[in-house]
Amino acid sequence: MTAEPPIAARRILLTGRVQGEGVRPAIARLARYLGIAGHVRNSSAGVDVVAIGDHPNLDRFINLLPTALPPILTIDGQPPFTITTSLLNEVLTSDRFVIAPSQPQPTLVATVPPDRATCPACLDESDNPANRRFRDPFITCPSCGPRFTIIASMPYDRATTSMAHFHPCDACTTEYLNHHDRRFHSQTNACPKCGPRLHLINPQGTKLASGDAAIIAAATALRGGKIVGLLGIGGFQWLVDATNADRVAELRRRKGRDSKPLAVMTRDITSANHLAITTPLDAALLSDPTNPIVILPRRRDGLTPNPSNALAGGLDTIGVMLPTTSLHHRLLRLVDRPLVVTSGNVEGEPLAYRSPAPPSIADRILDHDRPVVRPIDDSVIRVISNRAVTVRLARGLAPLTLPIPFPPNRLATLPHIIALGGHQKTAIAIFNGAQGLLGPHIGDLDTEATRGRFVESVDSLCQLYQLRPTLYVHDRHPDYFTTRWAESIVAKQPATPDAPPNATPNATPNATPNATPNATDNANPTIRSLAVQHHHAHHAAAAINAGWWDRESLGVIWDGTGYGDDGTIWGGEFLIGGVAGYRRVASLLPIPIVGGEASIRQPWRVAVSLVHRALGNEAAKRLRFDGVSEQQIIRIADLLRRADEAARDTPPSHRPLVGTVAFTTSAGRLFDGIAALTLGIGSNRHEGELAMLLESRCGMTGGVHDSSYPMPLIADEPCPRLDWGPLVARVVDELAAGVATQSIALRFHHALAHGIAAVIDHHPHLPIVLGGGCFQNRILTESVAALAVSAGREIATPSTIPPGDGGLAAGQLAIAISTSLRE
């Protein structure tokens, strides 16, 4: 047997969240400590290492490597990285270990690093008068600071970020080259001498102060009631003193956000506890490097004056976050009170991120010269069923890698795919042949400006991930902007005999479309589109969030609006299937709706419809709502009566559109209607306002309660229905009897949970997933989960992928990948 050579070489590949995390410096330190030669470099695949040494030291190096790496963010239990090793046949000659230049490759496999809040070590330095970075508003290190928002292209290196604008000074260069320094090879390394410059300007663009003097002047302005704009990691933010109710109201007026909750930033957990009630899990989320806004139960005492009610828009919760950067920390200390920190835009417009900021909002603007390459909002998280549920996927959490459990050689044969989401809370998901991911929140596509930002985001993700999409996945709703945009892309390609330019994969109701892009040569690929049913996409997103790519489940998919297979609006659905396909097995009883989209803004219309169906037309006419005249109510009731007469011989669940009356199974409309009925409020000032107010009336109570209203499961065609009629009748009776609003709100939520449990009981062999925006409701989700667990059922509640439309594209992408793999 030939003896092993004394010197050998191994190639090591680290994949996952390994760029922008200080991994290369950590590997270099370990190698030099053990006397290992070779190199480490970033590549499009991850972090590549060639280690050269004798066998005992090589083995020690490989064994110690995982423990030598810096703590790397994990998301929902997913491993942050994997390590694979192989023996090199040829021993490369080298007598030292170096960090080599990065090596781009045709396909990006490496994970793009997310942004991080300033770490405790950097904050300690910025607080130390003897440190050269004392009060540095842009202090960073290998463990913290902007990443995704400053990256122009991968692999992650300073030259490919907006930090390339700043040439390091001698002191920063020395730190960068010293492998004993904690900023060794830090790509964002800079200091007040050579880094970004901060200025305070007025709306006319006049510079008022620079550096720390600008922060002091901004703090003085905030204490004096001014609204201050701040260019943060991902874009502009509007700041105002959260304890000054008049100035909060003025910010609302200027921003056009009259009632929607506003987030508040506090100095630390102790300050947050003056505003909100925090559990250990809440505190951990607030302190996490992802730095999200965390929705918490608000206190009704505490600070004087107490800002929580003005910020919360009447809800029993409040969004709280801790400072993101050293600049935020310094401001909070100087102002010494909580600050409203809200996205830098007018309501309904996209986030502003290029200097100068829009002048119509802020009285003063803290601006700087480090460009934001990729705008991103703040993430929003809520704890439900002891899990962190992502409400808005954005800074710190996005882009979110979607684990795809198929061999790389199979994935490499698939087309590049882009999934476009829906219309509300839009986000984009992509697959580039090597990895799939869900991009950050973009917003509602109601305005031209937001639609323009959507197109920019598509181009941006395609450039970053080296994506050449040939399959565009969209919702089935024909009027969504995303649908029309995808169809326009397909229509632009030249027609060929084999592929009509407007062809899309054929889709049959209650089944996954089984057509995929035509096989083409690489030089001239055919671009195709794929329409995916809205609730199937929600079901698929919930399934992959639970790790159930190939597992059949019962999906309880409740939301506000989704285009159904029968051309009506669905929204209270029970589907059996998963990523590969679905069939509808139950739903809510259809609700008559007068006025279409107007009923979303004016849910009193839905309340009139519910009472008309449950108790008759005269009872509906007796209803009263704030801001709604008796004549308006009578008019809607008369329209419903005439529709009944026009379709007298057809059961309500089977009627087509009659005049201005349509039918929907939307759980969101049921929530709206019951909320309007219970609270006596006629209008939603923002999406879902009344439903959120109704949840708030439940207080902190959760779990399972026997006290609820009847909601029987009835036989119907084409599927069984949960009949909300008896529930509505009981609500009307208890309102007339003066029963407390809290009791009615709780019984309504528990009625829905018991109704869902009744459907679940009919399918005892299946695990359950919850999807759709209604499961951002804590009371509903925890009640359903408690009933399922008490019955011994396996249930997956929402977590990392947003359950609402912000996660829709993840489900669309999974369906497209599954469909393509079957081919």
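Each residue of the sequence shown is one higher than the one before, counting from 1227 in the numbering used here. Glycine included, each C-beta is placed from N, C-alpha and C at the ideal position. These figures come from a predicted structure and were not determined experimentally.
Quick check: the Cα distance between residue i and residue j, rounded to an integer number of angstroms?
i: Pro1936; j: Thr1709; result: 39 Å
i: Val1244; j: Thr1676; result: 33 Å
i: Pro1506; j: Ser1497; result: 15 Å
i: Ser1813; j: Gly1431; result: 56 Å
i: Ala1213; j: Asp1685; result: No answer is possible for residue 1213: the residues shown for the chain start at 1227 and end at 2049.
i: Ala1583; j: His1500; result: 32 Å
i: Ser1825; j: Gly1786; result: 11 Å
i: Glu1682; j: Met1547; result: 28 Å
i: Gly2032; j: Tyr1259; result: 46 Å
i: Pro1368; j: Ser1581; result: 27 Å
i: Arg1923; j: Ile1643; result: 43 Å
i: Ile2005; j: Gln1968; result: 12 Å
i: Gly1246; j: Gly1853; result: 54 Å
i: Gln1857; j: Ile1503; result: 45 Å
i: Arg1525; j: Ser1611; result: 21 Å
i: Leu1512; j: Ile1441; result: 24 Å
Exposed or buried, residue i, counting other C-beta atoms within 10 Å across all chains shown (16 or more means buried)?
i: Arg1358; result: exposed
i: Asn1428; result: exposed
i: His1281; result: exposed
i: Glu1674; result: exposed
i: Gly1648; result: buried
i: Val1338; result: buried
i: Phe1889; result: buried
i: Ala1571; result: Correcting the residue identity first, residue 1571 is Asn in this sequence and not Ala. Answer is buried; the Cβ neighbour count reaches 16.
i: Gly1804; result: buried
i: Ser1933; result: exposed
i: Gly1482; result: exposed
i: Ile2041; result: buried
i: Leu1313; result: exposed
i: Leu1290; result: exposed
Among the options, which residue has its Cα nearest to the Cα of residue i?
i: Leu1284; options: Arg1267, Ile1262, Pro1292; result: Ile1262
i: Asn1658; options: Gly1248, Gly1647, Leu1693; result: Leu1693
i: Ala1840; options: Ala1444, Arg1850, Val1958, Ala1983; result: Val1958
i: Ile1544; options: Leu1558, Asp1562, Leu1522, Ile2005; result: Leu1522
i: Val1275; options: Asp1589, Thr1293, Ser1328; result: Ser1328
i: Pro1629; options: Leu1640, Gly1421, Arg1613, Gln1661; result: Gln1661
i: Thr1794; options: Pro1816, Val1811, Val1782, Arg1809; result: Pro1816
i: Val1985; options: Gly1998, Ala1963, Val2010; result: Val2010
i: Ile1278; options: Ser1270, Ile1288, Asn2003, Arg1827; result: Ile1288
i: Thr1308; options: Leu1256, Val1249, Asp1353, Arg1525; result: Val1249
i: Arg1596; options: Gly1461, Ile1610, Arg1618; result: Gly1461
i: Gly1899; options: Leu1537, Ala1872, Val1837; result: Val1837
i: Ile1715; options: Asp1705, Pro1704, Pro1695; result: Pro1695
i: Ile1376; options: Ser1352, Glu1844, Arg1342; result: Arg1342
With 7 Å set as the bound, which would you pick, yes or no: does the beta-carbon of residue i sit closer than that to a beta-carbon of chain D?
i: Val2015; result: Protein chain content of the structure displayed is limited to a single chain, and chain D is not contained in it.
Closer than 6 Å by C-beta to residue i: which residues in its own chain qualify, once you throw out the five before and the five after it? Chain order, please.
i: Leu1780; result: Ile1802, His1989, Leu1992, Ile1994
i: Gly1914; result: none
i: Thr1530; result: Unreliable positioning characterises Thr1530 in this predicted model, as indicated by a pLDDT of 47, which lies under 50. The coordinate reading is nonetheless provided below. Counting only Cβ-Cβ distances below 6 Å, and skipping sequence neighbours, we find nothing.
i: Thr1386; result: Ala1378, Ser1379
i: Ala1252; result: Ala1294, Leu1295, Pro1296
i: Phe1897; result: Ala1917
i: Asp1603; result: Ser1569, Leu1577, Ala1620, His1667
i: Phe1707; result: Leu1671, Arg1677
Please work out which residues of its chain come closer than 7 Å, Cβ to Cβ, to residue i, disregarding the five sequence neighbours upstream and downstream, and give them in chain order.
i: Arg1679; result: Pro1576, Ile1668
i: Gln1759; result: Arg1702, Asp1791
i: Asp1383; result: Asn1268, Ser1328, Gln1413
i: Leu1477; result: Ile1453, Trp1464, Val1466, Val1566
i: Lys1419; result: Cys1395
i: Thr1746; result: Only weak support is given to the placement of Thr1746: the predicted model assigns it a pLDDT of 37, under 50, and the value that follows is read from those uncertain coordinates. Counting only Cβ-Cβ distances below 7 Å, and skipping sequence neighbours, we find Thr1752.
i: Asp1407; result: Glu1401
What residue range does the alpha helix (DSSP H) around residue i cover?
i: Asp1870; result: 1856-1872
i: Trp1830; result: 1830-1841
i: Ser1969; result: 1967-1987
i: Ser1686; result: 1674-1690
Skipping 5 residues on each side, what residues in its chain have a beta carbon closer than 8 Å to that of residue i?
i: Tyr1402; result: Pro1394, Arg1409, Phe1410, His1411, Ser1412, Asn1415
i: Leu1919; result: Gly1540, Leu1541, Ala1901, Leu1905, Ile1907
i: Arg1777; result: Ala1769, Gly1804, Pro1993
i: Phe1851; result: Trp1830, Ala1833, Ile1859, Ala1902, Gly1906, Ile1907, Gly1908
Starting from residue i, trace the beta strand (DSSP E) in both directions and tell me its first and last residue.
i: Glu1575; result: Taken as a continuous stretch (DSSP letters only), Glu1575 belongs to no beta strand (DSSP E), as it is neither H nor E.
i: Gln1188; result: No answer is possible for residue 1188: the residues shown for the chain start at 1227 and end at 2049.
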